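Chains as they are written, first to last, in my numbering: chain A, 1 to 671; chain B, 672 to 1070.
Heads up, the thing below is written out as structure tokens.
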């Protein structure tokens, strides 16, 4: 019976244990319920977010930026990182029971990419679980193909691939795009830069970022009803290409002379470049197309963080410590021609005269006596020429840039008309040029509450309010083209990645600001500036031009610092090209001299007008011929480097030896 | 034995409900193995999404064959096999060191015979039940209640545990192999106070270890198992490493909700939860079938264990009952530990869910054990009074 009792006892104790198990199950069941109840939504989200991680974004290629000749200014290049899946490679070894996979893979990697085999082996032995070992960064497609010949399975087209090595395992290539600026510093202010996909700073890159960026694609796997993995790919849509109105040859010429000026006067009166800033805009008068827009100092778009043009390494280090480094970068990167404001000075005079003529407050037949200064509201305001210019016609007043005459004119015009025309001339408003970073000047111009008698007087010759270069350029173009105000623009076409035209950007006529007859008179007056007035130095050989000098004193008055400028149109009687040069505080002892701007303008015009195919209007003097033949024609020969799809050798590329003989009877109009 | 002296008629007994629940769980297990493994199988084996299912199906088939064999082998034979059992267990582990030993997933835990592979740890669990039951049966009540009754079975067991732990680096199997005889001794003899004492000591040591590691007094870098303790205490903090699997398991359970996402619709099995078809299958069950599914699986085990325990109530043989108690312990310990791991109730350690998880050796030997239980059930007698009363009415057979 003892045996039987014992077996019963076992059954009883097992029953007790069963109850213990039941209790454990109850506890675990409660825990299950607790986990679900507490975390249901949160864990659902976590799982979904992990799923997203599993899918892969396919990068879209950023569109190109090309100039009007098809020269590439900015383009995205495919680059690859070489990735080694160490784990996969070692797994293959383990499966095969030998080390062929790792030996062949590592050896081929080292050979093709010129790497040290021992380095790779060290990494493999240290991190055998790694699935993402970046063996080499940033190789090109061609470099990649040197490796893929070993891994591409022999196929129909490629039957005898003797290089194929089936042992190579776990190597793949991560594709991405990098932005390349083949012209380096050229038009840096206009183009701007993009350093990571979808992010862009300044210029066209920023303004047209949405168009350039494209739409990234996506590749993701999901489980179908049959529990097999389906991979779906939504391909990336590459960004569109911008065709710019910029002509890189004109741009190159302009930048060359800006740099020459900066270097010529370097460390002349003070340490530093030849001026704080030098800007130049070349624009078509009858469409607002910008042919060139340059600022100096400029920067290398491929390496925008390089500030060595302005600062020494020590200065940069100091700025980094003080935290002003970013500001210094921004100052360099911004586009002087559209982002900086300054007092225009006498370049305003044609605008003031135009107001008077247009409203009938002036007839053009007035005459003024300049004694060197004028008392306005208890202030004695001096003329440019403190000895006085004597008796002057309206035309003479513009030509000689007489402040006294202009002050008298503004008195006749009156503040209401001035303010009205300030608005009509778009001063204080954005031009809406298609570049990012255009300055707002609305608070930097006059309004009815602050335009007093003396303010009106000085405003007539461009002091007391601020403008941007592009405002003056667009306004002046309208004054001399018959009165038609075009919105300045830098992009003429948007092309799809395949090259078809997505959008043509036609010149946009905004308004007519003055009548044709007023425009004709302004042309006449501005031509006199060059023929008999302050702008004579700007005249390039073979061309009659018109323009206006500007010498604006900066604040505080009397500090001897000036912004020099010259705005001009060419040819003189039928303006096609507007060129505006601004030299912000030249590095010379006596800054108050517009010749620095006019000489610089002359150099630029001498080279770009023939290039642009503008017919010469005057006989060349011997001196002109000498100067032209001395011209460094590197730019013209440089054009040959660019793809010339038309194959006609750019018919409008001038051969100076032919053009030298061109004459035009419509020469210097006598006064 | 007393029964042999009298001519008594025994009621033919076969526990069909036990057979039914076992078959049901095997079928359910196959469905879940396919659901959890098809994605990773199709990735790993060139689109063969049924790879794990097919292998498990073969294992279940072999296991059912083993179950039929053991169901018809009179269990009394095992009482004479205690030494073959314990040496067989040790030998199977030593075979790991021979060329038959096979490494997979970075651990040398398998023996390979051509296309078949076996996990010696599972053989050991089977053998240790037979060994302990046979030894305790032989000792008699006086010895069993003494210290010798404890150490005598536990020393060979301890050797097997150490071999499993050291040679195959498999802590969880060693733990299960050790805990089964301990609980069997406890069930076998109420007067032996050593098993509860040792159990308390184990719990105390574990608690102290956890305390020391969590306070940083023992550097967790000493062993990866200590690191798992830290990951257990705060899985989020180790989400990229040791806490990852259990955290993913919790995500799976928590995201399932009450009714689950539906069979086959788990997202965690798509490569996020390692060992989804194996140690972590319960998490996927909860994700796909929800709390209801998880609790149902637990109910199945409750029913299974109830049927197993019920056999001891009918059996009058001490040795047979000990065998059944061993199998009961084996299943109960593994189920509880497995669910504890997937719910992060204990530190992570790899234990399959009996009858449901993928794993050939486990299911084969478990089914063999259940066959033994059924054989014990076949010999079970109903209480004598009933037998006497119903003697004439029943279709009976003599033993």
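For each residue, glycine too, the CB sits at the ideal point set by N, CA and C.
A quick note: this is a predicted structure, and the numbers were derived from the prediction, not measured.
With DSSP as the reference, label residue i as helix, strand or coil.
i	result
residue 544 of chain A	coil
residue 1050 of chain B	helix
residue 186 of chain A	coil
residue 37 of chain A	helix
residue 551 of chain A	strand
residue 695 of chain B	helix
residue 690 of chain B	helix
residue 15 of chain A	helix
residue 5 of chain A	helix
residue 458 of chain A	helix
residue 501 of chain A	strand
residue 1025 of chain B	coil
residue 947 of chain B	coil
residue 705 of chain B	helix
Roughly how many whole angstroms lie between the Cα atoms of residue i and residue j?
i	j	result
residue 1051 of chain B	residue 987 of chain B	7 Å
residue 313 of chain A	residue 918 of chain B	51 Å
residue 615 of chain A	residue 604 of chain A	16 Å
residue 896 of chain B	residue 914 of chain B	12 Å
residue 53 of chain A	residue 949 of chain B	Confidence is the limiting factor: at residue 53 of chain A the pLDDT is only 42, short of 50, which leaves the residue's position unreliable and the question unanswerable from this model.
residue 380 of chain A	residue 256 of chain A	42 Å
residue 417 of chain A	residue 617 of chain A	37 Å
residue 277 of chain A	residue 514 of chain A	32 Å
residue 818 of chain B	residue 866 of chain B	10 Å
residue 765 of chain B	residue 792 of chain B	11 Å
residue 568 of chain A	residue 353 of chain A	16 Å
residue 743 of chain B	residue 1031 of chain B	22 Å
residue 199 of chain A	residue 191 of chain A	14 Å
Using the beta-carbon of each residue, which ones in chain A are nearer than 8 Å to residue i?
i	result
residue 861 of chain B	9, 13
residue 977 of chain B	18
residue 949 of chain B	Ordered by position in chain A, no residue passes the 8 Å Cβ test against residue 949 of chain B, which lies about 18 Å from the chain.
Since residue i meets chain B, which of its residues come closer than 9 Å, beta carbon to beta carbon?
i	result
residue 237 of chain A	The contacting residues do not exist; residue 237 of chain A stays about 28 Å from chain B at best.
When the cut-off is 8 Å and only beta carbons count, does residue i lie next to chain A?
i	result
residue 638 of chain B	For residue 638 of chain B there is no data in the structure shown, the boundaries of chain B being 672 and 1070.
residue 966 of chain B	yes
residue 866 of chain B	no
residue 969 of chain B	yes
residue 899 of chain B	no
residue 992 of chain B	yes
residue 688 of chain B	no
residue 921 of chain B	yes
Against chain B, does residue i count as a neighbour if the rule is that its beta carbon must be under 8 Å from one of theirs?
i	result
residue 18 of chain A	yes
residue 43 of chain A	yes
residue 87 of chain A	no
residue 6 of chain A	yes
residue 31 of chain A	yes
residue 46 of chain A	yes
residue 249 of chain A	no
residue 96 of chain A	no
residue 21 of chain A	yes
Could you name the residues of chain A that residue i contacts, counting a contact when the two beta carbons are closer than 7 Å?
i	result
residue 983 of chain B	10, 11, 14
residue 723 of chain B	What residue 723 of chain B touches in chain A: nothing, since even the nearest Cβ is about 12 Å away.
residue 1028 of chain B	The contacting residues do not exist; residue 1028 of chain B stays about 17 Å from chain A at best.
residue 895 of chain B	Ordered by position in chain A, no residue passes the 7 Å Cβ test against residue 895 of chain B, which lies about 14 Å from the chain.
residue 986 of chain B	7
residue 980 of chain B	14, 15, 18
Can you pull the chain B neighbours of residue i, defined as C-beta to C-beta under 8 Å?
i	result
residue 36 of chain A	924, 925, 927, 928, 929, 957, 961, 962
residue 28 of chain A	969, 1007, 1010, 1011, 1014, 1016
Which chain B residues are close to residue i, counting only those with a beta carbon under 7 Å from its beta carbon?
i	result
residue 24 of chain A	1007
Any heavy atom of the ligand PLP closer than 7 Å to the beta-carbon of residue i?
i	result
residue 184 of chain A	This structure lacks the ligand PLP, and indeed carries no ligand of any kind.
Please list, in chain order, the chain A residues whose beta carbon lies closer than 9 Å to that of residue i.
i	result
residue 858 of chain B	9, 10, 13, 14, 16, 17
- Item | Residues, ordered as in the chain, of the region 725 to 750 of chain B that lie near chain E by beta-carbon distance below 9 Å | The chain inventory of the structure shown lacks chain E, comprising the protein chains A and B.
- Query: At a Cβ cut of 8 Å, what residues of the region 799 to 824 of chain B count as close to chain A, listed as they run along the chain?
  - Reply: For the region 799 to 824 of chain B, which is checked against every Cβ of chain A, the residues closer than 8 Å are 812.
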